[in-house]
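Below is one structure, written out as structure tokens; the observations come after it.
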Amino acid sequence: MIKRLFDITVSFTALIFLGWLIVVLFIVASISTGQNGLFIQKRIGRYGRPFSIFKVRSMKDTANGKQVTSFGRFLRKYKLDELPQLFNVLFGTMSFVGPRPDLPGYYDQLTGTDRDVLTLRPGITGPASIKYANEEAILAAVTNPEIYNDTVIFPDKVRINKNYLVHQSLFLDIKIMFYTVLGKKLEEDYFN
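In this note's numbering, the protein residues as written are 296 to 487.
So, in structure tokens, the structure goes:
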């Protein structure tokens, strides 16, 4: 209850101050991609239910598939493409802190006690997000990124998120939010 009240209050306040920026990013993304600047994608949320996540579009369609625009690289570098998720938090489909929502085929396929993480609202950030802040670089350095993600990174994220479930508190959430903004790492023993 306290976490939800915190999410509503902070997301509403943030939208008052950052709403103009989201509109500007939406307009520039629309121009740079030649498409609607709002990107909506199905993700797996609380209790394994699908929901629509909101982002600023960072990729455009090309003859060779999708390509990140230069503006999109800027958005991703500073995580500005995630700002529309403030609406997800306000609407209750996400929280500020929790497991990052994944595409169908991951969290919705969990079994046993691993499914306990599905009792959490997915988050804009979380302890696993902090540990794997450079996930794209990690995956780019391995021979088979999909296998590495499925056998190493994703199971570790589940373990970290189960640990968060047991230790969650408003204080920890605020700490994770500040660490995310400051680009700091959580203490390594947090992940054990």
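For each residue, glycine too, the CB sits at the ideal point set by N, CA and C.
When you compare the CB positions of Tyr427 and Ile339, do they come within less than 8 Å of one another, or not? no
So if DSSP puts Leu333 in a beta bridge, which residue, or which two residues, is it bridged to? Val351
Once DSSP output is grouped into helix, strand and coil, what is the label at Ser390? strand
Taking the CB atoms as reference points, tell me whether Val351 and Pro379 lie closer together than 8 Å. In terms of Cβ geometry, Val351 and Pro379 form a close pair [threshold 8 Å].
Residue closest to Pro399, alpha-carbon to alpha-carbon, out of Gly387, Lys470, Leu413 and Leu467: In terms of CA proximity to Pro399, Leu413 leads the group Gly387, Lys470, Leu413 and Leu467.
Going by the beta-carbon positions, is the gap between Ile471 and Gly421 smaller than 8 Å? yes
How would you write the range of the alpha helix (DSSP H) that Thr364 sits in, first residue to last? Note, Thr364: premise wrong, no alpha helix (DSSP H); not H, not E.
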